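Trainee:
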Amino acid sequence: MREARTKILVSFNEQLDITTKTGPNDLVTNIDREVEAFYRDKIKKYYPASGIVGEESVNENTKPAVDGLLWIIDPIDGTMNFVKQRDHFASMIAVYQKDKGLRGYIYDIMQDKLYWGGADIGVYCNNEKMAPPRNKGLEGGLFGVGAPLLIKNYHNLQNVAMRSCGTRIYGCSGLQFIHVLNGQCVAYSSYLRPWDYAAGKVLAETLGLVVKTIDGKPIDMLSSSDVLVATKNAQKDITRIVQSIY
Ligand code: IPD
Ligand code: CA
Ligand code: CA
Ligand code: CA
Numbered sequence: 001m002r003e004a005r006t007k008i009l010v011s012f013n014e015q016l017d018i019t020t021k022t023g024p025n026d027l028v029t030n031i032d033r034e035v036e037a038f039y040r041d042k043i044k045k046y047y048p049a050s051g052i053v054g055e056e057s058v059n060e061n062t063k064p065a066v067d068g069l070l071w072i073i074d075p076i077d078g079t080m081n082f083v084k085q086r087d088h089f090a091s092m093i094a095v096y097q098k099d100k101g102l103r104g105y106i107y108d109i110m111q112d113k114l115y116w117g118g119a120d121i122g123v124y125c126n127n128e129k130m131a132p133p134r135n136k137g138l139e140g141g142l143f144g145v146g147a148p149l150l151i152k153n154y155h156n157l158q159n160v161a162m163r164s165c166g167t168r169i170y171g172c173s174g175l176q177f178i179h180v181l182n183g184q185c186v187a188y189s190s191y192l193r194p195w196d197y198a199a200g201k202v203l204a205e206t207l208g209l210v211v212k213t214i215d216g217k218p219i220d221m222l223s224s225s226d227v228l229v230a231t232k233n234a235q236k237d238i239t240r241i242v243q244s245i246y
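Residue numbers are given in full-length UniProt numbering: position 202 of the sequence shown equals residue 202, and the series is strictly consecutive.
1. Tell me whether Ser223 counts as near ligand 1, meaning its Cβ is closer than 6 Å to at least one heavy atom of that ligand.
2. In this structure, what does DSSP give as the bridge partners for Arg168?
3. Does the beta-carbon of Tyr246 have 16 or more other beta-carbons within 10 angstroms, so that it is buried, or is it exposed?
4. Who are the near neighbours of Glu36 in its chain, counting only those whose CB is closer than 8 Å to its CB and skipping five residues on each side?
5. Taking the continuous alpha helix (DSSP H) assigned at Gly200, which residues delimit it?
6. I need the boundaries of the alpha helix (DSSP H) containing Lys44, first residue and last residue.
7. Closer than 7 Å by C-beta to Val66: which residues in its own chain qualify, once you throw out the five before and the five after it? Chain order, please.
8. How long is the line joining the alpha carbons of Asp87 and Asn81, rounded to whole angstroms?
9. So, Tyr107 versus Ala90, is the Cβ gap smaller than 7 Å?
10. Tell me, please, whether the region 107–120 touches the region 173–184 by the rule of three or more beta-carbon pairs shorter than 8 Å.
11. Could you check if Tyr46 is buried or exposed, using at least 16 other CB atoms within 10 Å of its CB as the buried criterion?
12. Does the pairing of the region 122–130 with the region 164–173 give three or more beta-carbon distances under 8 Å?
13. Over the uninterrupted alpha helix (DSSP H) stretch that includes Met80, give me the two end residues.
14. Does the beta-carbon distance from Ala234 to Val186 come in below 7 Å?
15. Suppose contacts are defined by Cβ-Cβ distances below 7 Å. Is Thr79 in contact with Leu138 by that definition?
16. Would you report the Cα separation of Ser224 and Lys212, rounded to the nearest angstrom?
17. Quick one: what's got a C-beta closer than 6 Å to Pro133's C-beta in the same chain, skipping five residues either side?
18. Confirm, please, whether the CB-CB distance from Val229 to residue 248 is below 7 Å.
19. Among all residues, which have a Cβ less than 5 Å from at least one non-hydrogen atom of ligand 3, and in what chain order do they fall?
20. Whose CA, out of Tyr105, Gln85 and Lys84, lies closest to the CA of Trp71?
21. Just list the residues that DSSP pairs Thr213 with in beta bridges.
22. Cutting at 7 Å between CB atoms, please list the residues of its own chain near Thr20, excluding the five before and the five after it.
23. Determine the contact status of Ile214 and Asp196, defining contact as a CB-CB distance below 7 Å.
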């Protein structure tokens with residue numbers, strides 16, 4: 001991932017090849033594709049029996065995993081920020097065995113901070129072991145959210161936002177997971193696809209945080225849903241507000 005970071009930084013001196021996917025707000029660049037291909041090649045070289053799912057090649061045939069491992073890649077998370085801001089984006093990899101997350105890696109490229117770990121080793125920021133964040137309730141901290149959920153008030157999230165100390169929208173699920181890992185936010189909720197949350201889920205659960213759907217159900221890995229990562233207390237507070245509309 002450090003090699004990938006160098007490729008990304010070098011790309012700032014070059015012309016990006018930017019194309020749209022589903023619409024003007026959904027971009028992909030040559031760097032997204034190149035970083036994903038780079039990770040794929042490395043994984044195939046060192047773990048040839050593994051399965052691989054990546055955002056930019058999700059329709060390619062994934063070889064059945066002989067070793068039972070599934071690698072989930074988001075080469076650049078926050079592509080819009082990467083293109084428009086040259087900042088506030090991440091690169092993410094997760095390793096799962098069936099539904100069990102073994103390792104998660106979220107690399108905040110511009111801060112040069114790699115958050116990584118798993119249940120058996122704990123969570124590290126670069127070489128420093130992280131302590132679990134304090135178990136604050138919703139009223140004790142900031143609420144991170146994806147813009148569409150908040151704007152459309154899905155799940156009563158405007159009320160959730162009003163009950164928190166304030167709302168934060170960064171357009172990068174990896175960074176928003178990091179904010180909950182290190183206690184800068186008490187919760188984050190957004191509509192996410194597997195590569196948006198796979199790494200964050202491993203790290204968050206290792207630190208004693210809750211990762212569920214916004215209505216409190218277990219996450220069905222490899223499907224997309226409105227995901228909530230939160231401290232235990234904030235999750236209870238949010239579930240109460242979300243369920244009050246039903
Ligand atoms: C996006 C970001 C964003 C989230 C979107 C994702 P991408 O990832 O994580 O925060 O709200 O749903 O698609 O496409 O830039 O990797
Ligand atoms: Ca994308
Ligand atoms: Ca993403
Ligand atoms: Ca991406």
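Think of the CB as a built atom: it goes at the ideal place given N, C-alpha and C, for glycine as much as any other residue. Everything numeric in this text was worked out from a predicted model, so none of it was measured.
Mentor: Well, looking at it:
1. Every heavy atom of ligand 1 is 6 Å or more from the Cβ of Ser223, so no.
2. Secondary-structure assignment with DSSP links Arg168 through a beta bridge to Gly144.
3. Flag for Tyr246 reads exposed.
4. If we look at Glu36 and ignore the five residues flanking it on each side, its Cβ neighbours are Gly54, Glu55, Glu56, Ser57, Ile73 and Pro75.
5. Where Gly200 is concerned, the enclosing alpha helix (DSSP H) stretches over Pro194 to Thr206.
6. Lys44: member of the alpha helix (DSSP H) spanning Asn30 to Tyr46, first to last residue.
7. Excluding residues within five positions, the ones whose Cβ falls inside 7 Å are Ala49.
8. Approximately 6 Å between the Cα atoms of the pair.
9. Yes, these two residues count as a Cβ contact at 7 Å.
10. A contact is defined here as three or more CB-CB pairs under 8 Å, and the region 107–120 meets this definition with respect to the region 173–184.
11. Under the 10 Å beta carbon count, Tyr46 is surrounded by fewer than 16 other beta carbons and is classified as exposed.
12. The region 122–130 vs the region 164–173: no contact.
13. First-last of the alpha helix (DSSP H) with Met80: Thr79 to Gln85.
14. Yes, Cβ-Cβ distance for Ala234 and Val186 is below 7 Å.
15. No, Cβ-Cβ distance for Thr79 and Leu138 is not below 7 Å.
16. Each residue's Cα considered, the two are about 12 Å apart.
17. These residues qualify, in order along the chain: Gly183.
18. Any question about residue 248 goes unanswered here, given that the chain covers just 1 to 246.
19. After applying the 5 Å Cβ criterion, the set is Asp74, Asp77 and Asp196.
20. When each option's Cα is compared against that of Trp71, the closest is Tyr105.
21. Answer is Val227.
22. Correct list, in chain order: Asp26 and Leu27.
23. Using a Cβ distance threshold of 7 Å, Ile214 and Asp196 do not count as a contacting pair.
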